[in-house]
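Quick notes on the structure that follows.
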Amino acid sequence: MSGKKEKLKKSKPAENCTFLPPRVSDDGAVRLPAVKLIYLPFGIMVDKFVLLLKLGSFYALLLSLVSFVFGYAYICNLPLVRNFPCAVGGSFLPLYFLFKYVLLLGFAVKWYQTAFLGCTLGWKNIFPVCRRDFLSMGLLAGFFLLNLAPVLSFYLLLIREPNPDAAIEVAYFACVSVGFLVPFAVMRFYSLFGLAVEGCRLPSWSEVWQLSRGNTLRILIALFFIFFLTLFAFLNFYLLMRGYETQSTLWLGISSEFVYDLMLLMLLSLFVNHCYIQKLFMFGETVNETND
18 MSGKKEKLKK SKPAENCTFL PPRVSDDGAV RLPAVKLIYL PFGIMVDKFV
68 LLLKLGSFYA LLLSLVSFVF GYAYICNLPL VRNFPCAVGG SFLPLYFLFK
118 YVLLLGFAVK WYQTAFLGCT LGWKNIFPVC RRDFLSMGLL AGFFLLNLAP
168 VLSFYLLLIR EPNPDAAIEV AYFACVSVGF LVPFAVMRFY SLFGLAVEGC
218 RLPSWSEVWQ LSRGNTLRIL IALFFIFFLT LFAFLNFYLL MRGYETQSTL
268 WLGISSEFVY DLMLLMLLSL FVNHCYIQKL FMFGETVNET ND
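In short: position in the sequence shown from 1, add 17, done, that's my numbering.
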């Protein structure tokens, strides 16, 4: 066994968590099992579907309430909707997105705690309440924002003014195009979300980068299946709703919003499951945990 391997095994990723050490190769990286990385998030969702349905239904009700209060129900996105109270203009849109994403982040944290940490689901702990929860939500929000880097890069390329200097033009394209690569780097750090929820000290970025080396394609393929399912579900739901848009009623608006939010939360749970699987194979199974 090389000295590098010994060093990585001795350096624990958390001071207050005990892990069963993962299988680290001689180059200091952990080889993630590609097949398990793909199917385990779906297997976890099926295995814990009743729990997911309970937690998801509660948060879907809250998300639906937020949508109706601000007038941005899902049915309002359909072009031929009639006789339904929808917001005019976007003056409250930022506040609406803030409330909505806070609830989504809160659900992600609570799903991890109930599904993988054995926390009981009850009224006292159904919302994020402690510093650890909010730090985990902030970390996940950071991941989501970093994944929007390609959108910013595309916008900067769209509004650019052509420059007669070829060197400046090439340099601009090179700098702006970096944003398209950001999601491919960020996805190697999703295991940090699991460590944050468990209250563990987060390892350095360089250590996570070293452990996840050589797994980019495996992670990308696993996330592609989740992305494809998300795209397929939302597209088919939209096409289904287009058949009822001219018959829009209050009941149709309420039911469609709840189903849409519940579906969104279930798909989000797949991503959380993926974060757990990354953490499990990269850092090992948590065998002891000190709660706040």
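Note that beta-carbon positions come from the ideal geometry of N, C-alpha and C, so glycine has one too.
- The three-state reading of DSSP puts C93 in helix, counting H, G and I together.
- Distance from the Cα of L79 is smallest, within the candidate group F251, Y56, L110, Y118, for Y118.
- The Cβ atoms of V225 and F206 lie closer than 9 Å to each other.
- Rounded to whole angstroms, the gap between the alpha carbons of K65 and V86 is 31 Å.
- K141 and K71 have their alpha carbons spaced roughly 15 Å apart.
- Classified as buried, C217 has 16 or more neighbouring CB atoms from the shown chains inside 10 Å of its CB.
- Counting along the chain, the unbroken alpha helix (DSSP H) around E274 starts and ends at 267-300.
- Beta-carbon to beta-carbon, L120 and V63 are separated by about 24 Å, too far to satisfy the 8 Å threshold.
- By the C-beta density criterion, S153 is buried, having at least 16 other C-beta atoms within 10 angstroms.
- Of the candidates F59, V187, P111, M299, the residue whose Cα lies closest to the Cα of A239 is F59.
- Inclusion of L219 and L209 in the CB contact set at 9 Å is warranted, their separation being smaller than that value.
- For V47, the three-state secondary structure derived from DSSP is strand.
- It is roughly 18 Å from the alpha-carbon of L256 to the alpha-carbon of L279.
- Contact annotation: the segment 229-236 touches the segment 46-55, with at least three C-beta pairs closer than 8 Å.
- A distance of 9 Å or more separates the beta carbons of M283 and L134.
- When DSSP states are grouped into helix, strand and coil, C34 belongs to the strand group.
- For N164, the three-state secondary structure derived from DSSP is coil.
- Between the alpha carbons of C292 and M204 lies a gap of roughly 9 Å.
- If you check the CB distance, V214 and R149 come in under 9 Å.
- Here A125 really is in contact with V289; their C-beta atoms are around 5 Å apart, less than 8 Å.
- Between the alpha carbons of M258 and A90 lies a gap of roughly 13 Å.
- Scanning A191, L122, F241, V195 for the CA closest to the CA of L165 turns up V195.
- Rounded to the nearest angstrom, the Cβ distance from E302 to S81 is 37 Å, too far for a contact under 8 Å.
- By a beta-carbon distance limit of 8 Å, I185 does not contact F75. Their separation comes to about 54 Å.
- Contact between I61 and A132 holds: their C-beta atoms lie close to 7 Å from each other, under 8 Å.
- About 7 Å separates the beta carbon of P50 from that of F298, a gap short enough to meet the 8 Å contact definition.
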